[in-house]
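Asker: Okay, here's the structure, questions in a sec.
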Amino acid sequence: MPEVSVIVPVYNAAPYLEECIESILGQDFADIELILVEDGSTDASPDICRRHTAADPSRVKMTATCGKGLSDARNTGTRMACGTFITFVDSDDKLLDGALSYLVAQAHSTGCPIVSGVLSRTENISCSGARCESVSCDTAIAASLYQEGIYHSSACGKLYRRELLADAFVSGRYYEDLQSFAGIYTAAGMVAVSSRPVYFYRPNPSSFINTWHSKRTDALWAVDSLRRQLSGKSDELRKAALARSFSAYYNIFNLAVTNKRPEIADRCHRFITKHRAAIIADRRVRLKDKLGALLSYCGRRAMELAAQTLNI
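Sequential numbering of the sequence shown, starting at 468, is according to our numbering.
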C-alpha cells in the first residue's frame, strides 16, 4: 500500500500535462501512486495518460469520468486511492521539488490529519525559514475565509488522511473546494499549516477562473453553503463566512457587469448593500473588500463604472 495517492483530474491539459506528471513522479518521495482521472479530453491528454500508465504500471493508474467535471474526477480518484494520505494536483499545475517528502514529514511530526502548504505562482522558491504550526480547525477555517496570509481554501497544496475525503466534493459544481473545505477541516479537528511553498499554480488566461462562464455563479452557491454550514458556530466563524461571501458576491457583481448579465448583478448588488456595514466594521476584512463596501455607498452606477474601468 503506498503512503500517498496523488490524484490528477485531467481535461484538455496536453500543453502542461507532461510537466505535471513528471513533477509528481520525479519527487524525492517514491512511495506513491499516481491516479490520472481523464474527464473526456478532446486533445492529446488521454494519450499522454496512457503512455505514462504503460511506462510505470506499478505507480500510475488511469481511469475515466467522461465529462463529469472536476468534483466527480476528484471523488472518483479518492475512491480508487489506496494511500494513507491523498493530495490533489490540477493537470495544468505541478508539485514543487521536495513537496511530498516535506508534507508527509509534517503529517507524521504533528500528527495532524491535514497539512496545508503554500500555493506559489513562481517555481523559484526558497524554503529557508519555513515554519509549520498546528492550529484548531476553527482557527484554520476563519483565517482561510478571511484570506489571511498562508491560509487558503484550495483543495490543492495539501495532504489529507484518506478517510477525510469520502465523496467530499459536490457533483456537478464548480468552486467545490471552497464549499467543502470547512467540513473537511472540521472532521480533521486540527490542521498543520506551513509557510513552505509546495505547489506551483500556473497562471492560465484560458482557465475557468480567468474567463466568464455561467458556472462562475457557483461561487455564490459555495459561499451561501458555507454560511449555512457555519451558522451555528462561533461568532468569529459566522463573521468570517460573511466576509468571504462578500468578496465572492462583489467579484461576481463585477464580472456580471462587464459580461452584461444584469440579473446576476442585481442579485449581487442586493447582497452587497445588505451587508456592507458589517464588512466595514469587521477589522479582519481585507482592505480591498472594505473599499468595495465603501464604494457601494456612492451608488450602483459608481460600482459599475469601476468594474468597467478596471475591466474586472
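Using N, Cα and C, we set each Cβ at its ideal position, and we do this for glycine too.
Small disclaimer: the values here were computed from a predicted structure and weren't measured.
Compute the distance between the beta-carbons of Asn721 and Ala774, then report whether it is under 7 Å.
Answerer: Yes, the pair counts as a contact, with Cβ atoms nearer than the cut-off.
Asker: Might you give, ordered along the chain, the residues of its own chain that have their beta carbon closer than 7 Å to the beta carbon of Tyr668, omitting 5 neighbours on each side?
Answerer: Here the set comprises Asp560, Leu586, Ser587 and Arg588.
Asker: Based on Cα-Cα distance, which residue from Ala609, Ala732, Arg663 and Thr545 lies nearest to Lys700?
Answerer: Nearest C-alpha to Lys700: Ala609.
Asker: State buried or exposed for Ala522, treating a residue as buried only when at least 16 other CB atoms are found within 10 Å of its CB.
Answerer: Flag for Ala522 reads exposed.
Asker: What residue range does the alpha helix (DSSP H) around Thr545 cover?
Answerer: Where Thr545 is concerned, the enclosing alpha helix (DSSP H) stretches over Leu537 to Met547.
Asker: Tell me whether the beta-carbon of Thr530 lies closer than 7 Å to the beta-carbon of Val504.
Answerer: Yes, they are a contact pair.
Asker: Looking only at its own chain, which residues have a Cβ that is under 7 Å from the Cβ of Ile553, when we skip the five neighbours before and after it?
Answerer: The residues are Ser472, Ile474, Thr545, Tyr627, Arg629 and Leu632.
Asker: DSSP three-state label for Ile502, please.
Answerer: The answer is strand: DSSP assigns Ile502 an E or B state.
Asker: Quick one: residues in its chain with C-beta nearer than 7 Å to the C-beta of Ile731, no 5 flanking neighbours on either side, listed in chain order?
Answerer: So the list reads Thr684, Ile719 and Ala723, once near-sequence residues are dropped.
Asker: What is the DSSP secondary structure of Thr725, reduced to helix, strand or coil?
Answerer: Of the three classes helix, strand and coil, the one that applies to Thr725 here is helix, per DSSP.
Asker: Please report the straight-line C-alpha distance between Arg517 and Leu761, rounded to a whole angstrom.
Answerer: Roughly 53 Å separates the two Cα atoms.
Asker: How about the segment 531-541 and the segment 631-651: do they share at least three Cβ pairs that are nearer than 8 Å?
Answerer: Contact holds: three or more Cβ-Cβ distances are below 8 Å.
Asker: Given a cut-off of 7 Å on the beta-carbon distance, is the pair Ala655 and Cys599 in contact?
Answerer: Result no, Cβ atoms of Ala655 and Cys599 do not sit closer than 7 Å.
Asker: Is the number of C-beta pairs between the segment 613-620 and the segment 566-581 that are closer than 8 Å three or more?
Answerer: They do not touch, by the three-pair rule.
Asker: Cα-Cα, which of Arg750, Arg737, Arg751 and Ile747 is closest to Arg767?
Answerer: Measuring from the Cα of Arg767, the nearest candidate turns out to be Arg737.
Asker: Buried or exposed: Ser661, going by 16 or more other Cβ atoms within 10 Å of its Cβ?
Answerer: Ser661 is buried by the Cβ-count criterion.
Asker: Terminal residues of the continuous alpha helix (DSSP H) containing Ser508?
Answerer: Per DSSP, Ser508 belongs to no alpha helix (DSSP H) and is neither H nor E.
Asker: Which whole-angstrom value is the C-beta distance of Ala710 and Ile739, which I expect to be below 8 Å?
Answerer: In fact, because the Cβ distance is near 13 Å, the residues do not count as touching under 8 Å.
Asker: Relative to the alpha-carbon of Phe648, which residue among Glu485, Lys682, Trp688 and Leu693 has its alpha-carbon at the smallest distance?
Answerer: Ranking Glu485, Lys682, Trp688 and Leu693 by Cα distance to Phe648 puts Leu693 first.
Asker: Since Ser490 and Leu562 are thought to touch, with beta carbons under 8 Å apart, how far apart are those beta carbons, to the nearest angstrom?
Answerer: The pair is a contact, with the Cβ atoms about 5 Å apart (cut-off 8 Å).
Asker: Ala480 and Ser558 - do their beta-carbons sit closer together than 7 Å?
Answerer: Going by C-beta atoms, Ser558 is nearer than 7 Å to Ala480.
Asker: In chain order, what residues of the same chain have a beta carbon less than 7 Å from the beta carbon of Val477, not counting five sequence neighbours either side?
Answerer: Excluding residues within five positions, the ones whose Cβ falls inside 7 Å are Leu484, Leu503, Val504, Glu505, Asp506, Ser508, Ser512, Cys516 and Ser558.
Asker: Is it buried or exposed for Pro664, if we count other Cβ within 10 angstroms and need 16 for buried?
Answerer: Classification of Pro664: buried, given that the 10 Å Cβ count is 16 or more.
Asker: In the DSSP assignment, the beta strand (DSSP E) including Met529 goes from what residue to what residue?
Answerer: Per DSSP, Met529 belongs to the beta strand (DSSP E) from Val527 to Ala531.
Asker: Taking the alpha carbon of Leu570 as the point to measure from, which residue in Asp749, Thr653, Tyr652 and Phe496 has its own alpha carbon closest?
Answerer: When each option's Cα is compared against that of Leu570, the closest is Phe496.
Asker: Could you work out which residue in Asp733, Lys755, Leu758 and Ser611 is closest to Val690 when comparing CA atoms only?
Answerer: Closest option to Val690, Cα to Cα, is Ser611.
Asker: For Gly596, count neighbouring Cβ atoms within 10 angstroms of its own Cβ and tell me buried if that reaches 16, exposed if not.
Answerer: Exposed, since its Cβ has fewer than 16 Cβ neighbours within 10 Å.
Asker: What span of residues does the alpha helix (DSSP H) with Met657 cover, start to end?
Answerer: Run containing Met657: none in the alpha helix (DSSP H); it sits in the beta strand (DSSP E), Met657 to Phe667.
Asker: Along the chain, where does the beta strand (DSSP E) containing Pro476 start, and where does it finish?
Answerer: Looking at the DSSP string, the run of the beta strand (DSSP E) that includes Pro476 is Val471 to Val477.
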